[in-house]
Amino acid sequence: MAEPFDQGDFKAAASLPEITLEMYYQLAEDVSKQIEVVDGSMIRCASPSYSHQTIQHNLVSLVRDAAKDSDRRDRSCHRVAGDYDVLISDGPTFHFRRPDVVLFRCIDYDRGKWERKPYASDCVLVIEVVSRESVTQDLRDKRAEYAAAGIPNYWIVRMANNDGPAISVDRFLLTTDGSYTSAGLTVRGRDFYAVDVFDPFRLKITWDQLDDGL
């Protein structure tokens with residue numbers, strides 16, 4: 024059982040001039056679960072709304088099912104997780120993000136302090152569901168970071184008034200010059216499927232599936 028959250032622990036972490044990988048693992052669990060680290064600086068992540076969590080959990084389940092079908096057919100191995108640490112860089116400054124959804128190639132052995140969590144180079148797809156507090160990060164900052172890290176596919180899900188239901192899915196594909204180009208935009212009321220793609224594997228998701236539980 025985790026210890027109760029100590030605001031003093033968070034303030035102490037926030038006051039550090041730079042957070043390294045080693046320092047991150049020394050933080051109290053309740054602190055480490057609420058932050059991301061960008062170029063050594065701590066960023067506090069706001070608690071998601073019910074709508075955000077519902078859409079995120081639906082995406083994890085639907086993408087995981089499609090990944091399992093693809094893996095059985097192609098004899099490959101992938102994992103799908105939500106709110107899971109992805110290492111962007113461990114030097115010269117520590118940098119990690121925790122995407123709402125991440126699809127990554129299976130990791131069968133511990134790789135130092137990052138253990139079996141994915142590096143950006145292991146990731147095939149990341150998805151962010153935009154909330155009120157994350158508009159700039161998801162639309163601008165993370166898009167640039169994920170592209171620079173070489174993640175092939177980035178999807179952005181927008182919600183009505185940034186709090187559900189889902190109203191659009193914007194898909195981006197990494198180009199040879201290391202930037203993202205649009206791979207398609209689906210809009211509720213115009214397109215029957217929220218997602219209808221063949222890459223990184225066959226996947227169809229209706230708007231009702233995306234919003235199931237709202």
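Mapping to this note's numbering: the sequence shown position 75 is 98, numbers consecutive.
Backbone N, C-alpha and C define an ideal beta-carbon position, used for all residues, glycine too.
- At a cut-off of 3 residues, the continuous stretches assigned as beta strand (DSSP E) that sit fully inside the segment 133 to 203 are 146 to 152, 176 to 182, 189 to 197.
- Pairwise C-beta distances place the segment 113 to 131 in contact with the segment 146 to 156, as three or more of them are shorter than 8 Å.
- Close CB contacts of D108 within its chain, under the 6 Å cut and outside five residues either way in sequence, are with F119, R121, K140 (chain order).
- Pairing D133 with D214, the inter-Cα distance amounts to about 43 Å.
- In this structure L233 touches I78 by the C-beta definition: roughly 6 Å separates them, less than 8 Å.
- In this structure, the beta-carbon distance from L237 to S74 falls below 8 Å.
- Between A217 and A189, the C-beta spacing is below 8 Å.
- Within the model, the alpha-carbon separation for E52 versus I58 is close to 10 Å.
- Below 8 Å, enough C-beta pairs join the segment 63 to 72 and the segment 39 to 49 to call them touching: three or more.
- When DSSP assignments are scanned along the segment 65 to 128, the uninterrupted stretches of beta strand (DSSP E) that are 3 or more residues long and fall wholly within it turn out to be 101 to 104, 109 to 112, 118 to 120, 124 to 128.
- In the three-state reduction of the DSSP assignment, E41 falls in the coil class.
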